[in-house]
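Taking it in order: structure first as structure tokens, then the write-up.
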Amino acid sequence: MISALNPVENKLCLLSNPKSLLSLESWVNALCEYHSIGVEIYGNILIALSEAVNNAIIHGNKNIVDKEALVIASFTDGLLTFTVTDQGAGFNFLDLPDPTLPENIEKPQGRGIFLMNHLSDGVVFQEPGNAVEISFKI
25 MISALNPVEN KLCLLSNPKS LLSLESWVNA LCEYHSIGVE IYGNILIALS
75 EAVNNAIIHG NKNIVDKEAL VIASFTDGLL TFTVTDQGAG FNFLDLPDPT
125 LPENIEKPQG RGIFLMNHLS DGVVFQEPGN AVEISFKI
């Protein structure tokens, strides 16, 4: 969806392959440059989105290469919002373990959503749990 008013694509469709994160990084670079987003917020955006896309690929799409993760960006009234959707069945986002609790500290996974919440200005999961909106005040 490229227009004369916004030459940067506002959506990105990624195959469920870890190498897709390279395309995500290039896309985020272009978006941040277009919207003159500073380095400090850029890092937060890149990490939070990488976590969301990684979750979509691994947990949502179960690494099935034919399934896609869709990332859509919208910019309104000083708020940059990304929606990441996978083709999975979803998950219970109301029942997330706290990765900072002693029993979870040693676990190799479970920090992605924690990072998304702490690096962004808002995280909202959509039913049935296969889409998440991540917002940043710009």
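The sequence shown lines up with residues 25 to 162 when you count with my numbering. Backbone N, C-alpha and C define an ideal beta-carbon position, used for all residues, glycine too.
According to the DSSP secondary-structure assignment, T124 is paired through a beta bridge with no residue.
For C37, DSSP records a beta bridge to L94. Leaving aside the five residues that flank E151 on each side, the residues in its chain whose CB is nearer than 8 Å to its CB run, in chain order, G114. If the five residues before and after V147 are omitted, its C-beta is found closer than 6 Å to the C-beta atoms of M140, N141 and I158, all from its own chain and listed in chain order. C37 and T100 have their C-alpha atoms spaced approximately 22 Å apart. DSSP, reduced to helix, strand and coil, places F149 within a strand of the structure shown. When the alpha-carbon of V95 is set against those of F106, L55 and I81, the nearest one is in F106. With contact defined as three or more Cβ pairs closer than 8 Å, the segment 119-132 and the segment 75-91 are not in contact.
The C-beta distance from L143 to N68 rounds to 4 Å, short enough to fall under 8 Å. Closest in alpha carbon position to Y66, among A80, L118, G136 and S50, is S50. In this structure, I71 lies away from S40, with their beta-carbon atoms at least 7 Å apart. Taking a C-beta distance under 7 Å as the contact criterion, V108 and V63 do not qualify as a contact pair. Here E75 is buried, its C-beta having at least 16 other C-beta atoms within 10 Å.
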